[in-house]
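Novice: Oh and the sequence shown: position 51 is 209 in the numbering used here, straight run, nothing missing.
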Amino acid sequence: MKRNKSAILEALRNAAVSEPLSVAFLEKQRWGDRVTCPRCWGLDVYQMKGRDGERNKDYRWRCRECKQFFTVSHRNYLRGNAASVASLGVCDLESM
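(1) Residues in the same chain with beta-carbon distance under 6 Å from Ala-173, minus the five sequence neighbours each way, listed in chain order, please.
(2) Per the DSSP calculation, Val-203 is bridged to which residue(s)?
(3) What residues in its chain sit with their C-beta under 7 Å from that of Glu-223, if we drop five residues either side in the sequence?
(4) Which residue marks the beginning of the alpha helix (DSSP H) containing Asn-214, and which one marks its end?
(5) Please state if the CB of Arg-192 and the CB of Met-206 are separated by a distance shorter than 9 Å.
(6) Checking the sheet assignment: what are the DSSP bridge partners for Phe-227?
(7) Rounded to the nearest angstrom, how far is the Cβ of Phe-228 from that of Arg-218, given a contact under 8 Å?
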(Lines of atoms letter the chains of each structure in order from A and count residues from 1; the text may use other names and numbers.)
(Lines give C-alpha, C1' and ligand atoms only; values in the text may rest on other atoms or scores of the structure.)
Protein backbone atom coordinates (compact mmCIF):
# COMPACT_ATOMS: atom_id res chain seq x y z
CA MET A 1 0.00 0.00 0.00
CA LYS A 2 1.36 3.38 -1.01
CA ARG A 3 1.71 5.93 1.79
CA ASN A 4 0.03 9.29 1.28
CA LYS A 5 2.61 12.11 1.25
CA SER A 6 0.10 14.96 1.43
CA ALA A 7 1.58 18.22 2.74
CA ILE A 8 -1.41 18.86 5.01
CA LEU A 9 -1.18 15.39 6.53
CA GLU A 10 2.54 15.83 7.16
CA ALA A 11 1.86 19.21 8.82
CA LEU A 12 -0.85 17.56 10.92
CA ARG A 13 1.53 14.80 12.02
CA ASN A 14 4.09 17.40 13.07
CA ALA A 15 1.48 19.50 14.90
CA ALA A 16 0.31 16.55 16.99
CA VAL A 17 3.62 16.54 18.85
CA SER A 18 2.84 19.38 21.29
CA GLU A 19 0.14 21.87 22.23
CA PRO A 20 2.00 24.99 20.99
CA LEU A 21 2.55 23.33 17.60
CA SER A 22 -1.11 22.22 17.54
CA VAL A 23 -2.33 25.75 18.22
CA ALA A 24 0.00 27.19 15.57
CA PHE A 25 -1.27 24.62 13.04
CA LEU A 26 -4.93 25.36 13.81
CA GLU A 27 -4.35 29.13 13.65
CA LYS A 28 -2.64 28.78 10.28
CA GLN A 29 -5.49 26.63 8.95
CA ARG A 30 -8.21 28.96 10.24
CA TRP A 31 -6.71 32.36 9.50
CA GLY A 32 -3.72 31.89 7.23
CA ASP A 33 -1.43 34.91 7.54
CA ARG A 34 -4.14 37.36 8.64
CA VAL A 35 -5.88 36.82 11.99
CA THR A 36 -9.35 38.38 12.23
CA CYS A 37 -11.62 38.88 15.21
CA PRO A 38 -14.50 36.37 15.06
CA ARG A 39 -16.87 38.88 16.71
CA CYS A 40 -16.40 42.10 14.72
CA TRP A 41 -14.14 40.85 11.88
CA GLY A 42 -11.58 43.45 12.90
CA LEU A 43 -8.03 43.05 11.63
CA ASP A 44 -6.29 44.99 14.41
CA VAL A 45 -5.62 42.06 16.76
CA TYR A 46 -2.66 40.92 18.83
CA GLN A 47 -1.50 37.86 20.77
CA MET A 48 -1.80 38.04 24.53
CA LYS A 49 1.60 37.51 26.16
CA GLY A 50 2.82 37.10 29.71
CA ARG A 51 5.46 39.14 31.47
CA ASP A 52 8.07 36.72 30.21
CA GLY A 53 7.15 37.56 26.60
CA GLU A 54 5.73 34.11 25.88
CA ARG A 55 2.15 33.51 24.76
CA ASN A 56 -0.28 33.00 27.61
CA LYS A 57 -1.27 29.45 28.52
CA ASP A 58 -4.65 29.50 26.76
CA TYR A 59 -3.31 31.13 23.57
CA ARG A 60 -5.68 34.10 23.59
CA TRP A 61 -5.82 36.96 21.13
CA ARG A 62 -7.35 40.40 21.72
CA CYS A 63 -9.09 42.68 19.26
CA ARG A 64 -8.23 46.37 19.52
CA GLU A 65 -11.48 47.32 17.79
CA CYS A 66 -14.09 45.56 19.98
CA LYS A 67 -11.74 44.92 22.96
CA GLN A 68 -12.76 41.25 23.16
CA PHE A 69 -10.60 38.19 23.76
CA PHE A 70 -10.76 35.11 21.53
CA THR A 71 -8.90 31.91 20.68
CA VAL A 72 -8.58 29.76 17.59
CA SER A 73 -11.40 27.56 18.90
CA HIS A 74 -13.87 30.46 19.27
CA ARG A 75 -17.18 29.82 17.44
CA ASN A 76 -16.25 26.46 15.96
CA TYR A 77 -16.48 22.78 16.84
CA LEU A 78 -13.36 22.98 19.05
CA ARG A 79 -15.04 25.32 21.54
CA GLY A 80 -14.82 23.95 25.04
CA ASN A 81 -12.11 21.47 24.09
CA ALA A 82 -8.35 21.69 24.31
CA ALA A 83 -7.12 23.19 21.06
CA SER A 84 -4.82 20.31 20.47
CA VAL A 85 -4.57 18.30 17.31
CA ALA A 86 -3.68 15.28 19.44
CA SER A 87 -6.97 15.64 21.33
CA LEU A 88 -8.92 15.49 18.07
CA GLY A 89 -8.04 11.82 17.64
CA VAL A 90 -5.90 12.32 14.59
CA CYS A 91 -2.68 10.95 16.02
CA ASP A 92 -2.93 7.75 14.01
CA LEU A 93 -2.54 9.21 10.54
CA GLU A 94 -0.57 6.29 9.15
CA SER A 95 -3.71 4.77 7.65
CA MET A 96 -4.56 7.92 5.70
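Don't be surprised by glycine CBs; every beta carbon is placed ideally from N, CA and C.
Please read all numbers here as calculations on a predicted model, not as lab measurements.
Specialist: According to the data block:
(1) Contacts found: Leu-179, Ser-180, Phe-183, Val-243.
(2) DSSP links Val-203 through a beta bridge to Cys-221.
(3) Non-local C-beta neighbours of Glu-223 in its own chain, meaning closer than 7 Å and more than five positions away in sequence, comprise Cys-195, Cys-198, Gly-200, Asp-202, ordered along the chain.
(4) Asn-214: not part of any alpha helix (DSSP H); DSSP gives it neither H nor E.
(5) No, the Cβ-Cβ distance between Met-206 and Arg-192 is not below 9 Å.
(6) In the DSSP assignment, Phe-227 forms a beta bridge with Arg-220.
(7) At roughly 7 Å, the Cβ-Cβ gap stays under 8 Å, so Phe-228 and Arg-218 are in contact.
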